[in-house]
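There are 2 protein chains.
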Amino acid sequence: MPKINILKEAEKIKKPYIPYHLVNVDNFHVFLGLFEGDYKKHKHPYDEFFYVVLGEIQIEMDKETVSLKEGEGVLVKKNTWHKSKAKNKAVVMLFEKIGMQSDFA
Amino acid sequence: MPKINILKEAEKIKKPYIPYHLVNVDNFHVFLGLFEGDYKKHKHPYDEFFYVVLGEIQIEMDKETVSLKEGEGVLVKKNTWHKSKAKNKAVVMLFEKIGMQSDFA
């Protein structure tokens, strides 16, 4: 398998909040997201792990808002409403089950 | 869920090549490894994704050796013999199925 340079891959992403696939890990996958501005509030039927590679993001959930900087991660548990935001461009690596659907608020 | 600062967590790891659990993502988990020196050649029945947070590592496989620096990742496919090495301390974030057994050479 070829190695993946995360920031080099991220440079190819032009639009925010569109999953950019990196690799499948069995029935899960690793993908990147360019976060910029507000995304729509949504939830999923499975867990989702966020890890910030570059920049800073916020994830608003019903009971808390988590601010994440480079090198920080958080799990958003299944069925948790969440809304991502970033003032400036940020690069996020995500791990989740393949084919996960979003339910928008 | 509390956020996780990867490098702060890594400071708690004292011994190389012992999985340090961070979080479950459904039936997968994210964990850290301190890589230093040579690990034993082994394989698993499922895929394993490696992402280097700090330092530099090598993963020797039958047909290739992959060198990874900070910000680089690679997938080791299921049933692939692999042996990890690091000249100096490195911190690696790993993503794999929970409860995965290793088969040593």
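Protein chains in written order, with our numbering: chain A, 1 to 105; chain B, 1001 to 1105.
Virtual Cβ for every residue (Gly too), placed ideally from N, Cα, C.
Please compile the residues from chain A whose C-beta is within a distance smaller than 8 Å of the C-beta of residue i.
i: B/Tyr1020; result: Per Cβ cutoff of 8 Å: no residues; B/Tyr1020 is ~14 Å from chain A at best.
i: B/Ile1057; result: By Cβ distance, chain A contributes nothing, its closest Cβ being about 11 Å from B/Ile1057, past 8 Å.
Reducing DSSP to helix, strand and coil, say where residue i ends up.
i: B/Ile1006; result: helix
i: A/His44; result: coil
i: A/Ser67; result: strand
i: A/Gln101; result: coil
i: A/Gly55; result: coil
i: A/Met1; result: coil
i: A/Lys83; result: strand
i: B/Glu1011; result: coil
i: B/Asn1027; result: coil
i: B/Tyr1017; result: coil
i: A/Asp109; result: Any answer about residue 109 of chain A is impossible in this case: the structure gives chain A only from 1 up to 105.
i: A/Lys78; result: coil
Tell me whether residue i is buried or exposed, calling it buried when 16 or more other Cβ atoms sit within 10 Å of its Cβ.
i: A/Phe104; result: exposed
i: A/Asp62; result: exposed
i: A/Leu7; result: exposed
i: A/His82; result: buried
i: B/Gly1099; result: exposed
i: B/His1021; result: exposed
i: A/Glu48; result: buried
i: B/Ser1084; result: buried
Which chain A residues sit within Cβ distance under 7 Å of residue i?
i: B/Phe1035; result: Going along chain A, no residue has its Cβ under 7 Å from B/Phe1035, so there is no contact; the nearest lies around 15 Å.
i: B/Lys1097; result: Asp26
What residues of chain B sit near residue i, judged by a beta carbon separation below 9 Å?
i: A/Gly73; result: Lys1003, Ile1004, Asn1005, Ile1006, Leu1022, Val1023, Val1030, Met1093
For residue i, go through chain B and note every residue whose CB falls closer than 7 Å to its CB, in chain order.
i: A/Tyr77; result: Looking at the sequence itself, residue 77 of chain A is Lys, so the reference to Tyr does not match. Within 7 Å Cβ-Cβ: Met1001.
i: A/Phe49; result: Val1023, Val1025, Val1030
i: A/Tyr46; result: Asp1026
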